[in-house]
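Data first, discussion second: the structure below is written as structure tokens.
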Amino acid sequence: MNKKLMVGNWKMNGSLAANESLIKALLAGLSAPACQVALCVPAVYLAQCQALLADSVIELGAQDVSEHETGAFTGEISAAMLREFGLRYVLVGHSERRQYHSESDAVVAAKAQRALACGMTPIVCVGETSAEREAGQTEEVVKRQLAAVIHANGHCISEMVLAYEPIWAIGTGKTASPEQAQQVHALLRAQLEAASKQADRVHILYGGSMNAANAAQLLAQPDIDGGLVGGASLKALDFLSMMASVR
Ligand code: PEP
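Numbering (this note's numbering), first residue to last: 1 to 247.
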């Protein structure tokens, strides 16, 4: 496994001015980070962020990609278009996309395939709702979500990043305990290992109200290879402190 990976997901936040000051503050505080770092920004800001991050230690990512290659899909953005902005990563299957845009497991798998075909690393998000956790279905749900991606991407799965994001923990301030997160990460790791000999290359990130106070404990778990950070990645000092807690 390479260094841990910390990814900021800005969601639908930012402005030209705010992005510039956030990125400048992050770069000023990150000379030789102990982890890999990426920012997934709104698509309209890709060109701005590409320029601000040029030759820096921070990689650029997008928050979604079309499952189609090209054509009459108004409002959609293809993997090839994203790649023109020097992107390394793209989120696929974030729970907000699954929930508000009815993205099925099959659509998420197809999006991952498009990203891989264009030389980008999909960050595939999986996670259960609180009702599913309470019904004891966590394992079944995350395994089903991952199985669809493995089925569609076969030998390429070692080229992706996986993010376990319990939906009940996203933006709610409720974090999975390190033990709860580790338990799910271990079973996702086992599923990847059963599918690929190179599964140890796959970073499995935790996401869901990760912040400066809880990051160190979560990141100390053996199968937590980094974080996918929403709200706290918008505050430079918080995100820097989380990156500093990576060992
Ligand atoms: C996310 O958007 O992926 C996320 C984990 O958000 P938050 O950190 O705000 O819970």
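Virtual Cβ for every residue (Gly too), placed ideally from N, Cα, C. Here the structure is a predicted model, which is why all the values come from computation and not from measurement.
> Can you tell me whether D55 is buried or exposed, with buried defined as 16 or more other CB within 10 angstroms of its CB?
Replying inline: exposed
>> Less than 7 angstroms separating the Cβ of E165 from some heavy atom of the ligand PEP?
In response: yes
> Hey, how far is the Cα of V126 from the Cα of V142?
Replying inline: 6 angstroms
> Which word fits Y100, buried or exposed, when buried means at least 16 other C-beta atoms lie within 10 angstroms of its C-beta?
Replying inline: exposed
> Among the residues of its own chain, which have a CB less than 7 angstroms from the CB of G173, if the five just before and after it don't count?
Replying inline: S209
>> Which runs of the beta strand (DSSP E) at least 3 residues long sit entirely within the stretch 98-165? Give them in chain order.
In response: 121-126, 161-164
> Looking at the unbroken alpha helix (DSSP H) that takes in A181, where does it start and where does it end?
Replying inline: 178-195
>> According to DSSP, is Q217 part of a helix, a strand, or is it coil?
In response: helix
> In angstroms, rounded to a whole number, what distance separates the CA positions of A17 and Q137?
Replying inline: 43 angstroms
> Among A79, S95, A169, E179, which residue has its Cα nearest to the Cα of K111?
Replying inline: A79
> Can you tell me whether D259 is buried or exposed, with buried defined as 16 or more other CB within 10 angstroms of its CB?
Replying inline: The requested residue 259 does not occur in the structure, where the chain is confined to residues 1 to 247.
> Do the CB positions of L91 and G61 come within less than 8 angstroms of each other?
Replying inline: yes
> Is A148 near D105, with beta carbons less than 8 angstroms apart?
Replying inline: yes
>> Suppose only complete runs of 4+ residues qualify. What are the alpha helix (DSSP H) ranges in the stretch 28-104, listed by chain order?
In response: 46-53, 79-83, 95-100
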